[in-house]
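When we follow full-length UniProt numbering, the leftmost residue of the sequence shown carries the number 1, and every step to the right adds one. Below you'll find the structure, written out as structure tokens, and then a few comments.
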Amino acid sequence: MSLFTELGMRYPIIQAPMAGVQGSELALAVTRAGGLGSLPAAMLTPAELRSELVRLTQSGLGPFNINFFCHQQRAPDPVALASWQQHLAPYYAEFGVELPAVTTAPSRAPFNEEHAAMVAEFRPAVVSFHFGLPAPELLAQVKVVGARVFASATTVAEAVWLAHHGADAIIAQGLEAGGHRGHFLSDDLTLQQSTLTLLAQILAVTDLPVIAAGGIVDGKGIANALALGASAVQMGTAFLCCHEATTSALHRAVLHSPQGQQTALTNLFSGRPARGIVNRLMRELSPLSELAPHFPYASSALAPLRAAAEKAGDGGFSPLWAGQNVSGCRELPASELMACWVKEAGLG
């Protein structure tokens with residue numbers, strides 16, 4: 001019996017956790033349709049996370065994945081933060097935004113004791129991690145309650161490391177994938193590969209289940225990944241326009257436009273490379289820039305500018321996360337989209 005059958009999934013389709021464009025509603029819809037719904041937790045307050053976990057647990061629908069970041073939280077650099085704000089000052093002026101006070105509050109929290117306590121209380125079927133794995137003592141708290149541990153790898157070396165440090169399945173995150181890169185052993189982006197190339201190489205070095213992620217947007221892509229040996233696929237971009245997603249109207253419109261076909265890795269919105277649709281900020285400051293403070297502090301100074309621009313119908317300062325292939329974005333309920341993929345992939 002495969003790991004995914006053991007988890008109670010009817011289909012080997014995992015909805016990628018996508019902070020900022022989804023809550024528990026999308027996760028519920030995907031699990032209800034036979035896949036594995038995921039909830040991104042890194043940007044939720046403890047109260048928000050608890051509320052979402054209550055909703056997921058009380059549904060009784062089936063398995064869920066709760067996703068956490070496990071980056072090493074660095075202290076803020078006040079000089080870098082002030083410099084970043086000064087570089088953004090002309091944009092503030094353009095949109096009539098007063099220069100805000102420099103804030104050192106991080107926008108994303110790594111997995112911690114409070115998170116571990118919630119995992120113990122709610123016992124999700126899967127807990128997944130981005131940027132490696134948490135400290136051994138924290139990981140042990142996840143394992144002891146029976147949760148399966150999934151973790152992202154962007155290179156073969158990272159996959160080997162994860163296999164040796166407690167992962168139960170590896171998410172092979174190809175360069176095509178939208179959102180934050182899950183790299184943690186090296187910042188050298190040239191080491192990263194396309195999804196199917198990475199998948200094949202990881203399968204050659206581990207017996208763990210490997211999940212293909214990046215550039216998979218339809219049933220044909222699912223079938224190809226499974227045929228190459230993936231145990232499941234993880235899909236994010238293709239869910240962005242589902243009825244249950246909280247993706248903004250502005251973001252949806254860009255996904256359906258020619259602009260949506262051009263994406264790039266950028267550190268401007270958080271301080272760490274993530275793939276999004278190229279917009280004004282990326283064009284004018286360069287997608288990867290030393291101007292941005294280190295992760296996750298870059299986003300704070302952008303928040304008031306983003307809000308003002310979006311109010312004016314301008315997405316030039318918003319993180320429009322998306323993978324390289326946006327052709328699968330459809331304005332449908334997640335259940336209908338899943339049914340299409342199941343039929344196309346011959347999984348029914």
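Note that the Cβ used here is the ideal one computed from N, Cα and C, for glycine as well.
**Prompt:** Which residue comes first and which comes last in the beta strand (DSSP E) that contains Val145?
**Reply:** In the sequence shown, residue 145 corresponds to position 145, counting from 1. Note, Val145: premise wrong, no beta strand (DSSP E); not H, not E.
**Prompt:** Since Arg275 sits in a beta bridge, which residues does DSSP pair it with?
**Reply:** One-based indexing of the sequence shown puts residue 275 at position 275. The partner list for Arg275 (beta bridge, DSSP) reads Gly179 and Leu265.
**Prompt:** Do the CB positions of Leu39 and Ile66 come within less than 7 Å of each other?
**Reply:** Indexing the sequence shown from 1 puts residue 39 at position 39. Indexing the sequence shown from 1 puts residue 66 at position 66. Yes.
**Message:** So, with DSSP's three-state summary, where would you put Phe69?
**Reply:** As a position in the sequence shown, residue 69 is number 69, starting the count at 1. DSSP places Phe69 in strand when its eight states are reduced to three.
**Prompt:** Is the beta carbon of Leu203 less than 7 Å from the beta carbon of Gln192?
**Reply:** Within the sequence shown, numbered from 1, the residue matching residue 203 stands at position 203. Within the sequence shown, numbered from 1, the residue matching residue 192 stands at position 192. Cβ atoms of Leu203 and Gln192: not closer than 7 Å.
**Item:** Identity of the residue in Pro209, Ala42 and Val119 nearest Ser231 by Cα
**Value:** Position 231 of the sequence shown, counted from the first residue, corresponds to residue 231. Minimum Cα distance to Ser231 is reached at Pro209.
**Item:** First and last residue of the uninterrupted beta strand (DSSP E) at Ser24
**Value:** Within the sequence shown, the letter at position 24 stands for residue 24. Note, Ser24: premise wrong, no beta strand (DSSP E); alpha helix (DSSP H) at Ser24 to Arg32.
**Request:** Please determine if the segment 298 to 310 and the segment 211 to 224 are in contact, where contact requires at least 3 C-beta pairs separated by less than 8 Å.
**Result:** no
**Request:** Report the partner residues of Trp321 according to the DSSP bridge assignment.
**Result:** As a working note, residue 321 is residue 321 in the sequence shown. Answer is Gly276, bridged to Trp321.
**Asked** Taking Cβ to Cβ, would you say Val142 is nearer than 7 Å to Val156?
**Response** One-based indexing of the sequence shown puts residue 142 at position 142. One-based indexing of the sequence shown puts residue 156 at position 156. Not a contact, by the Cβ cut-off of 7 Å.
**Message:** Which residue marks the beginning of the alpha helix (DSSP H) containing His107, and which one marks its end?
**Reply:** Within the sequence shown, residue 107 is the residue found at index 107, counting from 1. Note that residue 107 is Ser in the sequence shown here, rather than His. Per DSSP, Ser107 belongs to no alpha helix (DSSP H) and is neither H nor E.
**Request:** Classify His251 as helix, strand or coil using the three-state DSSP reduction.
**Result:** The count along the sequence shown starts at 1 and reaches residue 251 at position 251. Per DSSP, reduced to three states, the secondary structure at His251 is helical.
**Request:** Tell me whether Asp187 is buried or exposed, calling it buried when 16 or more other Cβ atoms sit within 10 Å of its Cβ.
**Result:** Reading the sequence shown from its first residue, position 187 is the one you call residue 187. Exposed: under 16 other Cβ atoms inside 10 Å.
**Request:** Express the C-alpha separation of His87 and Val149 in angstroms, rounding to a whole number.
**Result:** To locate residue 149, count along the sequence shown from 1; it is residue 149. To locate residue 87, count along the sequence shown from 1; it is residue 87. Distance between the alpha carbons of Val149 and His87 is about 41 Å.
**Request:** Could I get the ranges of all uninterrupted alpha helix (DSSP H) runs contained in the segment 152 to 213, with 4 residues as the minimum, in chain order?
**Result:** 156 to 164 and 195 to 203
**Item:** For Leu36 and Gln58, believed in contact at Cβ under 8 Å, the rounded distance
**Value:** Within the sequence shown, the letter at position 58 stands for residue 58. Within the sequence shown, the letter at position 36 stands for residue 36. Actually they are not in contact, since the Cβ atoms of Gln58 and Leu36 sit about 18 Å apart, beyond 8 Å.
**Item:** Nearest to residue 403 (by Cα), restricted to the options His165, Ser289, Ser2 and Ala47
**Value:** For the chain, the structure presents residues 1 to 348; residue 403 sits outside this window and is missing.
**According to DSSP, residues forming a beta bridge with Ala232** = The residue you call residue 232 lines up with position 232 of the sequence shown. Answer by DSSP bridge pairing, in chain order: Ile211.
**Message:** Taking the alpha carbon of Arg50 as the reference point, which residue from Ser318, Gly23 and Phe295 has its own alpha carbon closest?
**Reply:** Locating residue 50 in the sequence shown gives position 50, where the first residue counts as 1. Minimum Cα distance to Arg50 is reached at Gly23.
**Request:** From the DSSP output, in three-state form, read off Pro78 for me.
**Result:** Stepping through the sequence shown from its first residue, residue 78 is reached at position 78. Three-state DSSP puts Pro78 in a helix.
**Message:** When you compare the CB positions of Leu320 and Val254, do they come within less than 7 Å of one another, or not?
**Reply:** Here residue 320 is taken as the residue at index 320 of the sequence shown, counted from 1. Here residue 254 is taken as the residue at index 254 of the sequence shown, counted from 1. The answer is yes: Cβ separation under 7 Å.
**His130 - containing beta strand (DSSP E), residue span** = Numbered from 1 along the sequence shown, position 130 holds the residue referred to as residue 130. Start and end: Val126 to His130.
**Item:** 8 Å CB neighbourhood of Arg283 in its chain, flanking five on each side removed
**Value:** Counting from 1 along the sequence shown, the entry for residue 283 is found at position 283. No residues qualify anywhere along the chain.
**Request:** Measure the Cβ-Cβ separation of Val97 and Gln85 and say whether it is below 7 Å.
**Result:** Position 97 of the sequence shown holds residue 97. Position 85 of the sequence shown holds residue 85. Result no, Cβ atoms of Val97 and Gln85 do not sit closer than 7 Å.
**Prompt:** How big is the Cα-Cα spacing for Gly214 and Val79?
**Reply:** Within the sequence shown, the letter at position 214 stands for residue 214. Within the sequence shown, the letter at position 79 stands for residue 79. Cα to Cα, the separation comes out at about 36 Å.
**Request:** Label Pro287 either buried or exposed according to how many other C-beta atoms from any shown protein chain fall within 10 Å of its C-beta, with 16 as the threshold for buried.
**Result:** Translated into positions along the sequence shown, residue 287 becomes position 287. Buried is the call here.
**Prompt:** Just the Cα atoms here: how many angstroms apart are Glu94 and Gly276?
**Reply:** To locate residue 94, count along the sequence shown from 1; it is residue 94. To locate residue 276, count along the sequence shown from 1; it is residue 276. Their backbone Cα atoms lie some 24 Å apart in a straight line.
**Segment limits, beta strand (DSSP E) that includes Pro40** = Walking along the sequence shown from the start, residue 40 turns up at place 40. Where Pro40 is concerned, the enclosing beta strand (DSSP E) stretches over Gly37 to Pro40.
**Message:** Once DSSP output is grouped into helix, strand and coil, what is the label at Tyr4?
**Reply:** Against the sequence shown, residue 4 aligns to sequence position 4. Inspection of the sequence shows that residue 4 is occupied by Phe rather than by Tyr. Phe4: helix per DSSP, three-state reduction.
**Message:** Quick check on the DSSP output: the beta strand (DSSP E) that includes Ile13 runs from which residue to which?
**Reply:** Counted from its first residue, the sequence shown places residue 13 at position 13. For Ile13, the enclosing beta strand (DSSP E) begins and ends at Ile13 to Gln15.
**Asked** According to the Cβ coordinates, are Val21 and Thr263 closer than 7 Å?
**Response** Translated into positions along the sequence shown, residue 21 becomes position 21. Translated into positions along the sequence shown, residue 263 becomes position 263. The answer is no: Cβ separation not under 7 Å.
**Prompt:** Can you tell which of Leu99, Met43 and Phe64 has its C-alpha closest to the C-alpha of Leu81?
**Reply:** The residue given as residue 81 occupies position 81 in the sequence shown. For Leu81, the nearest C-alpha among the options comes from Leu99.
**Request:** Can you tell me which of the three DSSP states Phe64 falls into?
**Result:** In the sequence shown, counting from the first residue as 1, residue 64 sits at position 64. Of the three classes helix, strand and coil, the one that applies to Phe64 here is strand, per DSSP.
**Request:** Over the uninterrupted alpha helix (DSSP H) stretch that includes Met118, give me the two end residues.
**Result:** As a working note, residue 118 is residue 118 in the sequence shown. It spans Glu113 to Phe122 - the alpha helix (DSSP H) in which Met118 sits, taken as one unbroken run.
**Prompt:** If you draw a straight line from the alpha carbon of Leu226 to that of Thr266, how long is it in whole angstroms?
**Reply:** Walking along the sequence shown from the start, residue 226 turns up at place 226. Walking along the sequence shown from the start, residue 266 turns up at place 266. Cα-Cα distance, rounded: 30 Å.
**Message:** Beta-carbon within less than 7 Å of Ser136's beta-carbon, same chain only, minus the 5 sequence neighbours each way: which residues are those?
**Reply:** Locating residue 136 in the sequence shown gives position 136, counting from the first residue. Reading the sequence as shown, one finds Pro at residue 136 and not Ser. Nothing listed; no residue qualifies.
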